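Participant: Okay, handing you the structure first.
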Amino acid sequence: MRYTLMHKNVPVIDLTINGELGNITSADTPHSLGHLPIGVLSSDGVPDLLRLAKWWKHRAIPPNRPGLERALNRLKAQAPLSLVLHCNGLSLSDQYWIRPKADNMAWEDINFFRQPFAEDMGKLLLEKAVPGDRVDWVSPDCTTDGWLTKRWEIIDGVRCLTKGGTGPLRQEPLNEALAAAVMRRLGVAHVDYTVVWEGGLPYSVCPNFLSPETEFVTAFQICETRPLAPGSDLYAHYLGCCDALGIHGIRDSLDRMIVVDYIIANSDRHYGNFGAIRNADTLEWLGPAPLFDNGTSLWNDTPTILIAPANGNRSRAFFRNHYDQLILVTSFDWLDISTLDCIEDMCAEVFAASLHIDDERRDVICRATRKRLELLQRYAVRQK
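All residue numbers for the sequence shown refer to numbering that gives the first Met the number 0, where the first residue is 0 and numbers rise by one.
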């Protein structure tokens, strides 16, 4: 099937896409080189089919998402990527979409930022009942990455992402709320999360931090814009790519990200959940994205007896250890740890609402987080 990849109303490049599997099989000469997705050009400055196909594949629901197999069976769909075709590739993370070659539809008429969308896909993915024979596929849930159960909803006119937790503890939604409270006190740009309860289970809810004019570009995409120099580390490479693109404020934002991730023992800061924001109309870079997706933290998958400050150092971004990663922080002048003197009370308040986390686990997490703050303060003082 033939489609045109669109960036809002700008035709970008014509594609051939397999109608059953949803994958890109060929691409023509671009209509607009500047509006191509970030990171899909080869070193020669032309679109690379493999990179373009990889970018497109990341629009699909990952295969390890709970509820996906049930949804595919209900919809009689062969692959997660085929679901993307049914919503024209539209997302709430950027302004790209695909238009059938024979069609003349406009972005204003179908985009999820301004137009309503169906709740059926979100319900299926949360393993809830969708009555009737017909399922409405047109939803940003078809193009939302991440392995946690989640769905998009329109709450009081605001596009919000609702995410669940895992295992018997269901701790991730509570972690999101605590991480947001920590960043609020530290003055770190972030996405706010609240916790709602449904059927006795917690879910985190956050508003979309993008508008109909802006889009999120991942650190992975940014790193794909230049080859990694021999001997260069990933941190320097990311900074160099941002500098070359003209994205300002990255070093300061990374300082804050590294420190926050250390405090909350975030074990899942990867190149898909930090990056920058771009104006989709002017292609102007607006700066670093606010911090979001902090649920896999605070020893969420660690047995209570094994929770300890030193056991929360697993990292994924630039080093494999949070403590080692602190060496990358260029300044701690912005950090006022005294704003978190009440960290144990903050932890206790958030976790007290959960029926899945007992008093012992709550107290152990509170003490371990306090200890990490004390270690961070000692480290920061030595660096000044």
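Glycine included, every Cβ here is placed at the ideal spot set by N, Cα and C. Small disclaimer: the values here were computed from a predicted structure and weren't measured.
Between Leu305, Asp260 and Trp151, which has its C-alpha nearest Cys159's C-alpha?
Facilitator: Checking every option, the nearest Cα to that of Cys159 belongs to Trp151.
Participant: Output the residue ranges of the alpha helix (DSSP H) runs that lie fully inside the stretch 324-369 and measure 4 residues or longer, sorted by chain position.
Facilitator: Correct list: 342-350.
Participant: For a quick check, are the C-beta atoms of Val363 and Ile306 less than 8 Å apart?
Facilitator: For Val363 and Ile306, yes; Cβs fall inside 8 Å.
Participant: Please report how far the alpha carbon of Asp251 lies from the alpha carbon of Ala243, in whole angstroms.
Facilitator: Rounded to whole angstroms, Asp251 to Ala243 spans 17 Å at the Cα level.
Participant: Return the chain-ordered list of same chain residues with a C-beta closer than 7 Å to the C-beta of Ile109, the five sequence neighbours on each side being excluded.
Facilitator: Answer for Ile109: Asn87 and Leu89, listed in chain order.
Participant: For Thr301, name the three-state secondary structure that DSSP assigns.
Facilitator: Coil.
Participant: Run the proximity test for Trp333: is its beta-carbon closer than 7 Å to any non-hydrogen atom belonging to the ligand NAD?
Facilitator: With respect to small molecules bound, the structure shown includes none, and the ligand NAD cannot be examined in it.
Participant: Would you mind giving the Cβ-Cβ distance between Gly18 and Met0, rounded to the nearest angstrom? I have them listed as a contact below 8 Å.
Facilitator: About 5 Å; that satisfies the 8 Å criterion.
Participant: Name the residue from Thr281, Tyr261 and Leu227 whose alpha carbon lies nearest to the alpha carbon of Pro211.
Facilitator: Closest option to Pro211, Cα to Cα, is Thr281.
Participant: Tell me, please, which residues DSSP counts as bridged to Leu125.
Facilitator: BP columns for Leu125 are empty, so no partner.
Participant: Please confirm if the stretch 11-30 is in contact with the stretch 48-61, defined as three or more CB-CB distances below 8 Å between the two stretches.
Facilitator: Contact between the stretch 11-30 and the stretch 48-61 is present, because at least three Cβ pairs lie under 8 Å.
Participant: In angstroms with no decimal places, state the Cα-to-Cα distance between Thr143 and Arg381.
Facilitator: Rounded to the nearest angstrom, the two C-alpha atoms are 42 Å apart.
Participant: State the Cα-Cα distance for the pair Thr28 and Thr15, rounded to the nearest angstrom.
Facilitator: Between Thr28 and Thr15, the C-alpha separation is close to 12 Å.
Participant: On the DSSP bridge list, what partners appear for Leu290?
Facilitator: According to DSSP, Leu290 bridges with His189.
Participant: State the DSSP-derived secondary structure class of Ile16, mapped to helix, strand or coil.
Facilitator: In this structure, Ile16 counts as strand in the three-state DSSP scheme.
Participant: Starting from Glu107, follow the beta strand (DSSP E) in both directions and report where the run begins and ends.
Facilitator: It is not in any beta strand (DSSP E) - Glu107 instead sits in the alpha helix (DSSP H) that spans Trp106 to Ile109.
Participant: Can you grab the Cα-Cα spacing for the pair Val349 / Leu297, in whole Å?
Facilitator: Going from the Cα of Val349 to the Cα of Leu297 covers about 12 Å.
Participant: Glu175 and Ser138 - do their beta-carbons sit closer together than 8 Å?
Facilitator: No. Outside cutoff.
Participant: Just tell me which of Thr161, Thr213, Leu51 and Ile12 has its CA closest to the CA of Gln94.
Facilitator: When only C-alpha atoms are compared, the closest one is Thr213.
Participant: Given this structure, state the Cα-to-Cα distance separating Leu334 from Glu373, to the nearest angstrom.
Facilitator: Leu334 and Glu373: Cα-Cα distance of roughly 13 Å.
Participant: Alpha carbon to alpha carbon, what distance is there between Gly239 and Gly199?
Facilitator: If you take the alpha carbons of Gly199 and Gly239, they lie about 47 Å apart.
Participant: Output the boundary residues of the alpha helix (DSSP H) element that contains Met0.
Facilitator: Where Met0 is concerned, there is no enclosing alpha helix (DSSP H), given that its DSSP letter is neither H nor E.
Participant: Which residues in the same chain have their Cβ closer than 6 Å to the Cβ of Val216, if we skip the five residues on either side of it in sequence?
Facilitator: For Val216, where only same-chain residues beyond five positions count, the Cβ hits under 6 Å are Ile37, Gly274, Ala275 and Arg277.
Participant: Rounded to the nearest angstrom, how far is the Cβ of Trp136 from that of Leu74, given a contact under 8 Å?
Facilitator: Rounded, the Cβ-Cβ distance is 7 Å, consistent with contact.
Participant: For Trp106 versus Asn265, is the C-beta spacing smaller than 8 Å?
Facilitator: No, the Cβ-Cβ distance between Trp106 and Asn265 is not below 8 Å.
Participant: Report all residues from its chain with a CB closer than 8 Å to the CB of Asp119; omit the five preceding and five following residues, and keep chain order.
Facilitator: Correct list, in chain order: Val129, Val134, Asp135, Trp136 and Ser138.
Participant: Whose C-beta lies closer than 6 Å to the C-beta of Leu84 among residues of the same chain, with five residues either side of it excluded?
Facilitator: Cβ neighbours of Leu84 beyond the five flanking positions: Gly21.
Participant: Does DSSP put Phe215 in a helix, in a strand, or in coil?
Facilitator: Strand at Phe215.
Participant: Between the beta-carbon of Trp284 and the beta-carbon of Gly245, is there less than 8 Å?
Facilitator: Cβ distance < 8 Å, so Trp284 and Gly245 count as in contact.
Participant: Does DSSP put Gly274 in a helix, a strand or coil?
Facilitator: Residue state, collapsed to three classes: strand.
Participant: Give the DSSP-derived three-state secondary structure of Asn174 in the structure shown.
Facilitator: Helix.
Participant: Per DSSP, what are the beta-bridge partners of Arg158 in this structure?
Facilitator: Answer by DSSP bridge pairing, in chain order: Ile153.
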